[in-house]
Amino acid sequence: MNLRDNKLITFIIAGVLLAITPLIAQQFGNAWVRIIDIALLYVLLALGLNIVVGYAGLLDLGYVAFYAVGAYMLGLLASPHLSQTFPGFAAAFPNGLHTPLWLVIPLGALLAAVFGVVLGAPTLKLRGDYLAIVTLGFGEIIRVFLTNLDAPVNITNGPKGLSQIDSFKVLGYDFGKSHTLFGIEIPSVTGYYYLFLALVIVSVIICHRLEQSRIGRAWMAIREDEIAAKAMGINTRNMKLLAFGMGATFGGVSGVLFASFQGFVSPESFSLHESVMIVAMVVLGGIGHIPGVIIGALLLAALPEVLRYVAHPLQSMTDGRLDAAILRQLLIALAMIAIMLSRPRGLWPVPEHGRMRPGSPDQDPAPKGTLS
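In our numbering, the protein residues as written are 826 to 1197.
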């Protein structure tokens, strides 16, 4: 059996496992399938941020802003909010504005990409800590706008958020409702699992192709040494803007899917804590490495929910003196510290990155995909 046959068998086994995962989790309750769905959304976000942080080396702490842009795009275009707020809209659309999701997804991706370029344009000369502070401020500005754009004109409905958002529909199949296929009941959360999984697979293929392309190599050259990259003829300004735009696109699409899945969005879902967690997913998994980023996202997205079942017994042992939420955060922080101490380059780092070439102990290695 040759290597190609082994890969084919591995893909088939992985495909079967991924296909039956929600059916197995469903036996323990839909809450577990919902946890997996949210984890897949975080994988999409982490893959997008990996383009900016992992490939181009631009530390972005405001990435959640693009997530919010996509979510509110769907909230405004596929809910009765505008018709309930503006009489002119109610006269034109008495049943509310229900824009098809197939139209909202590209619009959300495009708008998020524009916001990404808007963020990237004034930060082209910044790197490291300074860039992190600027992007952090951008993310907070978006959240503050969403919280306060309910007066004097009510656009975002303020802290109350937008509700009654349409679910995803494909050829008459409503992902917001349960269905029965071949005698097997498919709840809404299971239907969304297959939808999110398909998008994660497409995203992985896009990221892999980008990593192997000339654009990906240019990003990694900028990440390793921007001055050398510029000397080699790479247009660092355009490459950085492209990285911000591409990464933001993933955030916008993820936001649209999140709003469709939840049926409700509010500014609380797009806090600084979310941005920090997405960055932690990329760093913890292995910055710049797609499998590592996926593992980091799955681990940090699922861990808080799984720890709910651990925190409550621990709280009972202390006679309720410790709050379960605080105890859960403490356990997550301890887990992250333990992982980073034992695996400082991430759970699954890029194999070549950070290693010395044989016979060249004084020379830095050429990271995978960089220009040589």
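Glycine included, C-beta positions come from ideal geometry on N, C-alpha and C.
Which residues bound the alpha helix (DSSP H) around Ile-1199? Past the boundaries of the shown model lies residue 1199; the chain is included only from 826 to 1197, so the question cannot be answered.
Return the Cβ separation of Leu-874 and Asp-885 in integer angstroms, given the expectation that the two are a contact with Cβ distance under 8 Å. 7 Å
Separation of Ile-834 from Ile-1162, as counted between CA atoms: 36 Å
CA-CA distance, Val-878 and Pro-977? 38 Å
Here's a check: name, in chain order, each residue in its chain whose Cβ is nearer than 7 Å to the Cβ of Ala-946, leaving out the five neighbours to either side. Leu-1066
Buried versus exposed, by CB contacts within 10 Å (16 or more), Met-1045: buried
How should Phe-836 be labelled, buried or exposed, when 16 other C-beta atoms within 10 angstroms of its C-beta is the threshold for buried? exposed
DSSP beta-bridge partners of Lys-950: According to DSSP, which records beta bridges pairwise, Lys-950 is partnered with nothing at all.
Tell me where the alpha helix (DSSP H) around Leu-1066 begins and ends. 1061-1087
Boundaries (first-last residue) of the alpha helix (DSSP H) holding Thr-910: 906-910
Report yes if the CB atom of Arg-1048 is closer than 8 Å to the CB atom of Tyr-880, and no otherwise. yes
For Leu-1155, does the three-state DSSP call read helix, strand or coil? helix
So if DSSP puts Glu-1010 in a beta bridge, which residue, or which two residues, is it bridged to? Thr-1005
Compute the distance between the beta-carbons of Asp-999 and Ser-1085, then report whether it is under 8 Å. no
Spell out the partners DSSP gives Tyr-1019 in its beta bridges. Bridge partners of Tyr-1019: none, in fact.
Can we say the stretch 1002-1011 touches the stretch 1067-1080, given the rule of at least three CB pairs closer than 8 Å? no
Spatial distance of Leu-956 from Val-1107 (CA atoms): 17 Å
To the nearest angstrom, how far is it from the Cα of Ala-1191 to the Cα of Pro-1174? Reliability of the predicted coordinates at Ala-1191 is poor, the pLDDT of 43 falling under 50, and the value obtained from them is presented with this limitation in mind. Going from the Cα of Ala-1191 to the Cα of Pro-1174 covers about 15 Å.
Which residues bound the alpha helix (DSSP H) around Met-1045? 1039-1049
Keeping to the same chain, check which residues put their C-beta closer than 7 Å to that of Thr-1015; ignore five residues upstream and five downstream. Pro-847, Gln-851, Val-858
Quick check: the stretch 924-933 against the stretch 892-906, are there 3 or more CB pairs under 8 Å? yes
For Ala-903, the three-state DSSP class (helix, strand or coil): strand
When you compare the CB positions of Ala-1054 and Ala-1068, do they come within less than 8 Å of one another, or not? no
Taking only the alpha-carbon atoms, compute the straight-line gap between Asp-954 and Val-939 and give it to the nearest angstrom. 24 Å
Beta carbon of Pro-1129 nearer than 8 Å to that of Arg-1153: yes
Near Ser-904, which residues of its chain fall below 6 Å by C-beta distance, leaving aside the five closest residues on each side in sequence? Leu-987, Gln-989, Ile-990
What does a CB cutoff of less than 6 Å around Arg-968 pick up in its chain, not counting 5 residues either side in sequence? Pro-1092, Phe-1095
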